[in-house]
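S.K.: Residue numbers (the numbering used here), protein chains in the order written: chain V, 2 to 208; chain B, 2 to 208; chain P, 2 to 208; chain H, 2 to 208.
Even for Gly, the Cβ is constructed at its ideal location relative to N, Cα and C.
There are 4 protein chains.
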Amino acid sequence: MAEEDRKTVRSQVKDPDLIRKRHLQIGIKASKLFAKKGYAGSSMREISKATGITIGNLYDYITKKEDVLCLVFDAFYSTWTENLKKHGVFDIEDPAEQLRAAVRKMLELVHNYQDMALLMYRESKHLPKDFLKITLQKETEFIECFEKILKKGKEQKVFNISDPFFAASMIVYQISFESLRGWSLKGRYTDEEIMTYLEEIIMKSVT
Amino acid sequence: MAEEDRKTVRSQVKDPDLIRKRHLQIGIKASKLFAKKGYAGSSMREISKATGITIGNLYDYITKKEDVLCLVFDAFYSTWTENLKKHGVFDIEDPAEQLRAAVRKMLELVHNYQDMALLMYRESKHLPKDFLKITLQKETEFIECFEKILKKGKEQKVFNISDPFFAASMIVYQISFESLRGWSLKGRYTDEEIMTYLEEIIMKSVT
Amino acid sequence: MAEEDRKTVRSQVKDPDLIRKRHLQIGIKASKLFAKKGYAGSSMREISKATGITIGNLYDYITKKEDVLCLVFDAFYSTWTENLKKHGVFDIEDPAEQLRAAVRKMLELVHNYQDMALLMYRESKHLPKDFLKITLQKETEFIECFEKILKKGKEQKVFNISDPFFAASMIVYQISFESLRGWSLKGRYTDEEIMTYLEEIIMKSVT
Amino acid sequence: MAEEDRKTVRSQVKDPDLIRKRHLQIGIKASKLFAKKGYAGSSMREISKATGITIGNLYDYITKKEDVLCLVFDAFYSTWTENLKKHGVFDIEDPAEQLRAAVRKMLELVHNYQDMALLMYRESKHLPKDFLKITLQKETEFIECFEKILKKGKEQKVFNISDPFFAASMIVYQISFESLRGWSLKGRYTDEEIMTYLEEIIMKSVT
DNA sequence: CATGAATGAGCTTTCATTCAT
DNA sequence: AATGAATGAAAGCTCATTCAT
Chain V
2 MAEEDRKTVR SQVKDPDLIR KRHLQIGIKA SKLFAKKGYA GSSMREISKA TGITIGNLYD
62 YITKKEDVLC LVFDAFYSTW TENLKKHGVF DIEDPAEQLR AAVRKMLELV HNYQDMALLM
122 YRESKHLPKD FLKITLQKET EFIECFEKIL KKGKEQKVFN ISDPFFAASM IVYQISFESL
182 RGWSLKGRYT DEEIMTYLEE IIMKSVT
Chain B
2 MAEEDRKTVR SQVKDPDLIR KRHLQIGIKA SKLFAKKGYA GSSMREISKA TGITIGNLYD
62 YITKKEDVLC LVFDAFYSTW TENLKKHGVF DIEDPAEQLR AAVRKMLELV HNYQDMALLM
122 YRESKHLPKD FLKITLQKET EFIECFEKIL KKGKEQKVFN ISDPFFAASM IVYQISFESL
182 RGWSLKGRYT DEEIMTYLEE IIMKSVT
Chain P
2 MAEEDRKTVR SQVKDPDLIR KRHLQIGIKA SKLFAKKGYA GSSMREISKA TGITIGNLYD
62 YITKKEDVLC LVFDAFYSTW TENLKKHGVF DIEDPAEQLR AAVRKMLELV HNYQDMALLM
122 YRESKHLPKD FLKITLQKET EFIECFEKIL KKGKEQKVFN ISDPFFAASM IVYQISFESL
182 RGWSLKGRYT DEEIMTYLEE IIMKSVT
Chain H
2 MAEEDRKTVR SQVKDPDLIR KRHLQIGIKA SKLFAKKGYA GSSMREISKA TGITIGNLYD
62 YITKKEDVLC LVFDAFYSTW TENLKKHGVF DIEDPAEQLR AAVRKMLELV HNYQDMALLM
122 YRESKHLPKD FLKITLQKET EFIECFEKIL KKGKEQKVFN ISDPFFAASM IVYQISFESL
182 RGWSLKGRYT DEEIMTYLEE IIMKSVT
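Dropping the structure here:
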């Protein structure tokens, strides 16, 4: 209880199943609200309305407004990783094939949750210190997935890169391109073009 | 530059020189504050303290808090473009040489104003509509500088890219890598390593 | 009276009984404050103190300071019309008798709520447009009560007037005489004298 | 200097002619502003703009914002009495004729300065105590003009009134009818009709 | 005398948070 | 567990007034 402190959002309620259910409910509904109005721009009243939980009851499941943001990040990572596991990307043997599949899958995911990716960049500043650390840890683990693929490809001499981790970081970064810079491309390119170009650029950068 | 700009932030004060001076003062000091506490998280009283201008006087130079953010963006673009012009990047003939020089220069700039790049991504949401349009225009012009280099290189067959504008957008995006994802690299790489790797990756992506 | 009114001042609070109670409380207490210091001269903090409702809670029952003024007008008209109905003025048959009774009753009322009449003249400028319309409508209805009496009297040749509505307007105006010009009479006449003279003048003006 | 204190608005400036000129200028221009936006609703900045005197200079002729209101009242009484003297109302011998002439003249005056009359009712609350006393004195003197006419008429048995001063007060009050209640008549009556009816009612009230 | 930049108290309003029911 | 009324600190912004030039 002392060391494991703050790994999750504290709640007054006893029933753990109810807590899980409500926490997910809050995270999902609030994420849509935050995407539209931002974290600071959303009041607890609005969060209450969006989640369908009265304001007093909301505070039975959280202790501060920050917690709602943590729940949003939690919910996001849940759906994100879940979606990724469903498609057996990591079963592919050929590194180039595998990388292309992973990148394409991720691009689709980011495309579908565009606001979310942007949201996480924008609002991570408001996360409490200890939760931020956890988040960064999760991101690092995510990068390491790509690092693994790159390392294998480098050993097999199919990839020509100097530093696998650095390259993996850049790939993960590039995947968010549409979310963060999409506005400067909208009108010039179709969604499919954007994803095709991105895939192409990323693949070329490693070969 | 003196007559045509500053139509966006109106002030009560009549002396145009004083306005320019104070606007710059506000933009620079507030940018440091915003980088630390964010736009929404910084109160007008804090901005007043940071700029050294009393709150009432501050409102002689702006009309809304938004305006401070505009001044931050303004100040940023001023120093940014100014710095870029100083080094005769656009005199270089060889496209590859030219691109490398431009990228390296920009990487150094972004490195020195790290918080700023992140700030601009994070807070552009809070810009008023009309000012946002101007900002996007400035960004597009910036991208087009790189597009021009890429086009020339493509014609000379030194660059192998399918869409120069898209590639230019990606390069500009990659240049901000350190600002937006730097935390995942800190501790693993020195500043110099980061810039060298970035330069290498960007150059490879076009050849 | 319960369902149809109070569409003008919206509140966050859900319990309609509580809303009615608080709205009346605000209207009455604020009216005394406004009479003393004027609408513009009374701060929300003072209104809060005067009503005994904390400032945040106050804003659960109103949306703008204007609303407080509306509630003052509401409360005034409520007590005004209520008081008038209590005394069966409109049952009297003889027009002259009826007019004299109505005037006398009104004079007493205005005398008891002296500051209020003055307040309403002074502050109606600050009412929001739509509410002002409602207020004027209520006043017109009030004038029409007197118009009706005058019309009947004119038909029965007991009153000698050229335009009943105009005359009714003037009577209603004269009734507020004490509120608006009382200061120039204080010291010269007793309260009872003022009312007697007023009654006399008004009655003579129609015969 | 001790007893006569505060009879007028104090000024830093030495030249008495300039003071008079500026005071009148301020009073006239500010009156139009106050009529539109009210005393409390007009800022010193607006007053400065309306008068064409810079804010600092303004404070060379006044000491507080209140003073501007005093100057408005002063300017008003100046033009008012001036206008009244021009027409030789007080030379008429027959009391009824004289009263009718005075009333008609005043009605025209009030009609032309409608906003002003309303303004004075509304804003007299904001006058400093000592100045208010002077204002009331001036008003009383004005009422006494009518009282004199009524007294003469009463002695000659052409007027049938019980208390001349009270009746005079009421007449002065009725003269402002259009200013204070005009909105409820607009649309129903022409300006000329209003004045004719008013004259008729007032004359009947004394005979 | 005139100018207008500077001051800071005070205004209206919002909002995270608590707590009696 | 759930409700929503109540709290008050703090936010953005205005404005009468001063004062150096």
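Under the assumption that G154 of chain V contacts L100 of chain V (Cβ atoms under 8 Å), give the Cβ distance between them as a whole number of angstroms.
M.R.: In this structure, G154 of chain V and L100 of chain V form a Cβ contact; the two beta carbons are roughly 7 Å apart against a cut-off of 8 Å.
S.K.: Going residue by residue through the segment 40-96 of chain P, where are the continuous alpha helix (DSSP H) segments of at least 4 residues, counting only ones entirely within it?
M.R.: 45-52, 56-62 and 66-87
S.K.: At the level of alpha carbons, what is the spacing between K149 of chain B and T136 of chain B?
M.R.: 20 Å
S.K.: Are the beta-carbon atoms of T208 of chain H and F160 of chain H separated by less than 8 Å?
M.R.: yes
S.K.: Can you give the Cα-Cα distance for T141 of chain V and L85 of chain V, rounded to whole angstroms?
M.R.: 16 Å
S.K.: So with Cβ pairs under 8 Å, would you call W184 of chain P a contact of chain H?
M.R.: yes
S.K.: Identify the residues that DSSP records as bridge partners of K134 of chain B: which are they?
M.R.: DSSP lists no partner for K134 of chain B.
S.K.: Using a C-beta to C-beta distance shorter than 8 Å, which residues of chain V count as neighbours of K126 of chain B?
M.R.: Neighbours of K126 of chain B across chain V, judged by C-beta separation under 8 Å: G39 and R123.
S.K.: List the residues of chain H that T82 of chain P touches, going by C-beta distances under 9 Å, in chain order.
M.R.: Near T82 of chain P there are no residues of chain H at all, since even the closest Cβ is about 18 Å away, more than 9 Å.
S.K.: Does any C-beta atom of chain P lie closer than 8 Å to the C-beta of Y190 of chain H?
M.R.: yes
S.K.: What are the residues that DSSP puts in a beta bridge with Y190 of chain B?
M.R.: Note: Y190 of chain B sits in a beta bridge opposite B:K187.
S.K.: Among the residues of its own chain, which have a CB less than 7 Å from the CB of T64 of chain P, if the five just before and after it don't count?
M.R.: R11
S.K.: So with Cβ pairs under 8 Å, would you call I135 of chain V a contact of chain B?
M.R.: Not a single C-beta of chain B is nearer than 8 Å to the C-beta of I135 of chain V.
S.K.: What residues from chain B crowd round M171 of chain V, counting only those whose CB sits closer than 9 Å?
M.R.: Close to M171 of chain V, with beta-carbon spacing below 9 Å, are these residues of chain B in chain order: Q175, F178, R182, Y198, L199 and I202.
S.K.: Does DSSP put T208 of chain P in a helix, a strand or coil?
M.R.: Residue state, collapsed to three classes: coil.
S.K.: Taking C-alpha atoms, which residue in P:K126, P:R105 and P:T80 lies nearest to Y114 of chain P?
M.R.: P:T80
S.K.: Give a yes or no on contact between the segment 22-40 of chain B and the segment 68-77 of chain B, applying the rule of three or more CB pairs nearer than 8 Å.
M.R.: yes
S.K.: Which chain V residues are close to D164 of chain B, counting only those with a beta carbon under 7 Å from its beta carbon?
M.R.: Ordered by position in chain V, the residues that pass the 7 Å Cβ test against D164 of chain B are Y198.
S.K.: Return the CA-CA distance between S125 of chain P and A41 of chain P, expressed in angstroms with no decimal places.
M.R.: CA-CA distance, S125 of chain P to A41 of chain P, rounds to 12 Å.
S.K.: Is it the case that the CB of K205 of chain B approaches a heavy atom of the ligand SAH more closely than 7 Å?
M.R.: With respect to small molecules bound, the structure shown includes none, and the ligand SAH cannot be examined in it.
S.K.: Taking 8 Å as the cut-off, decide whether the C-beta atoms of F167 of chain H and Y198 of chain P are in contact.
M.R.: Result yes, Cβ atoms of F167 of chain H and Y198 of chain P sit closer than 8 Å.
S.K.: Between R182 of chain B and S170 of chain V, which are expected to be in contact by the criterion C-beta below 8 Å, what is the C-beta distance as a whole number of angstroms?
M.R.: 6 Å
S.K.: Just checking my contact of I14 of chain V with D68 of chain V at CB under 8 Å: how many whole Å lie between their CB atoms?
M.R.: The question names Ile, but residue 14 of chain V is Val in the sequence shown. 13 Å between Cβ atoms; not a contact.
S.K.: With C-beta atoms as the reference, is E121 of chain B less than 8 Å away from F77 of chain B?
M.R.: Inspection of the sequence shows that residue 121 of chain B is occupied by Met rather than by Glu. Taking 8 Å as the Cβ cut-off, M121 of chain B and F77 of chain B qualify as a contacting pair.
S.K.: Assuming contact is defined by CB atoms lying nearer than 8 Å, are S180 of chain V and A118 of chain V in contact in what I supplied?
M.R.: Pairing S180 of chain V with A118 of chain V gives a Cβ-Cβ distance under 8 Å.
S.K.: By the 10 Å Cβ neighbour count, where 16 or more other Cβ atoms means buried, how is L19 of chain H classified, buried or exposed?
M.R.: exposed
S.K.: List, in chain order, every chain V residue whose beta-carbon is nearer than 9 Å to that of I144 of chain B.
M.R.: S185
S.K.: Any residues in the segment 59-88 of chain H with a beta carbon nearer than 7 Å to a beta carbon of chain P? Which ones, in chain order?
M.R.: none
S.K.: Short of 8 Å in beta carbon distance, which residues of its chain neighbour E200 of chain P, apart from the five on each side in sequence? Order them along the chain.
M.R.: R101, V104, R105 and L108
S.K.: Tell me where the alpha helix (DSSP H) around P17 of chain V begins and ends.
M.R.: P17 to K38
S.K.: Helix, strand or coil: how does DSSP classify Q157 of chain V here?
M.R.: coil
S.K.: Find the residues of chain V that neighbour F167 of chain B, judging by a C-beta separation of less than 9 Å, and give them in chain order.
M.R.: L186, R189, Y190, E194, I195, Y198, L199 and I202
S.K.: Whose C-beta lies closer than 7 Å to the C-beta of H88 of chain P among residues of the same chain, with five residues either side of it excluded?
M.R.: K106
S.K.: Just to confirm, are M196 of chain P and H127 of chain P a CB contact at a threshold of 8 Å?
M.R.: no
S.K.: Counting along the chain, where does the alpha helix (DSSP H) carrying D116 of chain H start and finish?
M.R.: Q115 to E124
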